[in-house]
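This note's numbering numbers the first residue of the sequence shown as 1484 and each following residue consecutively.
We put the beta carbon where it would ideally sit given N, CA and C, even for glycine.
A quick write-up on the structure given underneath.
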Amino acid sequence: MPAPVSQWPQGEIGHSRTARDRVGTAGHDGSGPVLERVSSGRPHPRHPREGEEPAVVTDQADLYAVATAFRQSRMVAVAVELDVFSLLADEPATLTELCARLRLHPRPTEALLNGLCTMGILALDGDRYRNRAPADSRLDRTEPDYTGGPFAVAGWQFPLWTRLRALLETGEPQGADAGLGFCPDSVALRRFVEAADARSARCGPALAREIDPAGATHVVDLGGARGTVLASILHAHPHLTGTAFDLHAVRPLFDEHATRLGLTDRMRFRGGDFFTDDLPPADVYLLGHLLSDWDDDRCAYLVARAARALRPGGTLLVHDPLIDPDRPHTNENWVHSLSTQLIGPAGTVNTTDDCRGWLAAAGLTGIEVRAFVDTESLVVGQKLP
1484 MPAPVSQWPQ
1494 GEIGHSRTAR
1504 DRVGTAGHDG
1514 SGPVLERVSS
1524 GRPHPRHPRE
1534 GEEPAVVTDQ
1544 ADLYAVATAF
1554 RQSRMVAVAV
1564 ELDVFSLLAD
1574 EPATLTELCA
1584 RLRLHPRPTE
1594 ALLNGLCTMG
1604 ILALDGDRYR
1614 NRAPADSRLD
1624 RTEPDYTGGP
1634 FAVAGWQFPL
1644 WTRLRALLET
1654 GEPQGADAGL
1664 GFCPDSVALR
1674 RFVEAADARS
1684 ARCGPALARE
1694 IDPAGATHVV
1704 DLGGARGTVL
1714 ASILHAHPHL
1724 TGTAFDLHAV
1734 RPLFDEHATR
1744 LGLTDRMRFR
1754 GGDFFTDDLP
1764 PADVYLLGHL
1774 LSDWDDDRCA
1784 YLVARAARAL
1794 RPGGTLLVHD
1804 PLIDPDRPHT
1814 NENWVHSLST
1824 QLIGPAGTVN
1834 TTDDCRGWLA
1844 AAGLTGIEVR
1854 AFVDTESLVV
1864 GQKLP
């Protein structure tokens, strides 16, 4: 875990001589000074890889890092919200220049920027701030590899997490009570879809490797948003076409994305409610990051509807943060469960056995559970020819 801000040496950030003197000897080009990254030697938190044990709290420093981790998360989230990284991608800038362009107060802004340097996200060359990898591509909104969406969504999720105790005491979702609509406007919807894309960034290429394209011609991604996962599959298998099925409000984002990717001739959008509207026929159906939003009955119903829409011999693939008793690190998905329960009444975390049962009840055969990206599992079933 990264060292909490409060454990950094006094004067390391903020309006102080120490902040300005704590520099190394090499800048971006090896010639100018650069603000050092202060590290406790603890790795940044990440999902454990396959076969690894989940991170554990072992001492007081770990406890303190957990207690204060929200501060670093909010620092990055606010910088994303302000488009600091996109601005610095154009060219490095001084504190004065950034404050003028973003209309910010210099004292707290200096603390924020130097804190981001200490985290290794920005660097200070002389008096100019610049992006460091991976912020230079992942947090610049103009880059195709932009994955800053989760930080943007964290802005509206953060108040929900302050109401965790209320969820525990009542069992009721806290979104409506906290005055938080779900994507109430086009800006919020775009941020949510960007976050979904970031979460699915590695899923598309991984699914492309899992799909057997022999005999298949068309793929449907149920809840496919603007088609990012679908596009990865189509790029990997040029003979396939695809449909992203999602709410009508998502269509403009899909059309924009498909045009940017040059896939308007191979993938299309179908708007509707996947609980009530007809689902298009396909050889492959994808249900990704979808079932954890619903209760068991609705999950079984969605799987059955997708199975009915499959052509004979077709394949259904479900990938979600499922609990797999054979993969202990998937227990981290209990945290995801709390997030979905805070947002909606049906959010939960399911097991791989739950999902296997839904596919079997829908009449699918040859059901397999496979390890997937990070803490996710992939459950695959076939429809009889």
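Could you check where the alpha helix (DSSP H) with residue i kicks off and where it finishes?
i	result
D1608	D1608 -> not in any alpha helix (DSSP H); beta strand (DSSP E) instead, spanning 1605-1608.
R1692	1686-1693
V1712	1711-1719
G1840	1835-1844
Counting along the chain, where does the beta strand (DSSP E) carrying residue i start and finish?
i	result
M1602	Counting along the chain, M1602 falls outside any beta strand (DSSP E), and DSSP gives it neither H nor E.
H1740	Looking at the DSSP string, H1740 is not in any beta strand (DSSP E); the run it does join, the alpha helix (DSSP H), is 1734-1744.
L1565	Here L1565 belongs to no beta strand (DSSP E), and DSSP marks it neither H nor E.
A1765	1765-1771
Would you identify the three-state DSSP class for residue i, choosing helix, strand or coil?
i	result
N1816	helix
T1726	strand
P1795	strand
V1676	helix
F1758	coil
G1864	strand
L1805	coil
T1848	strand
V1540	coil
V1517	Confidence is the limiting factor: at V1517 the pLDDT is only 42, short of 50, which leaves the residue's position unreliable, though a coordinate-based value still follows. Strand.
R1751	strand
S1683	coil
A1708	coil
D1776	helix
A1671	helix
A1697	coil
T1831	coil
R1554	helix
P1811	helix
Take residue i as the anchor and find which of the options has the nearest alpha-carbon.
i	options	result
A1792	A1732, H1701, V1712	H1701
P1617	D1608, F1634, V1567, D1628	D1628
L1647	V1818, F1855, E1739	V1818
D1761	L1746, D1729, D1778, L1774	D1729
L1842	P1696, G1864, R1692, R1586	G1864
L1599	R1624, V1636, S1556	S1556
D1608	L1571, S1683, E1626, W1644	L1571
E1693	L1861, L1867, K1866	L1861
T1798	D1704, G1631, L1651, L1546	D1704
D1857	R1810, I1850, Q1543	R1810
A1727	L1769, A1699, F1758, A1637	L1769
P1795	E1677, S1820, A1783, T1848	T1848
R1615	P1575, D1803, F1737	P1575
D1776	M1750, T1831, A1550, L1746	T1831
R1734	F1758, P1808, A1708	A1708
D1695	D1766, D1619, T1541	D1766
D1738	P1589, I1826, T1711	T1711
I1806	F1634, V1563, L1774, H1731	L1774
F1757	F1568, P1764, A1719, L1785	L1785
K1866	Y1547, M1558, R1621, A1845	A1845
D1610	M1602, L1581, S1620	L1581
W1644	H1812, F1553, A1679	F1553
A1699	A1681, P1721, G1687, C1686	P1721
E1815	L1825, G1632, T1834, L1800	T1834
T1759	L1650, A1789, Y1612, G1638	A1789
G1754	R1743, R1584, A1732, T1724	A1732
R1839	D1779, A1671, T1551	D1779
T1653	E1859, L1825, D1619, P1868	L1825
H1740	T1577, R1673, S1820, C1782	R1673
Tell me whether residue i, by its Cβ, gets closer than 7 angstroms to a heavy atom of the ligand ZN.
i	result
R1673	In the structure shown, the ligand ZN is absent, as is every other ligand, since no ligand is present at all.
Where DSSP assigns a beta bridge to residue i, which residues make up the other side?
i	result
A1854	S1860
V1909	Residue 1909 lies beyond the residue range present for the chain, which begins at 1484 and ends at 1868; the question has no answer from this structure.
V1703	T1726, Y1768
L1800	L1769, V1863
Runs of beta strand (DSSP E) lying entirely within the segment 1577-1656, each at least 3 residues, in chain order: 1605-1608, 1611-1614
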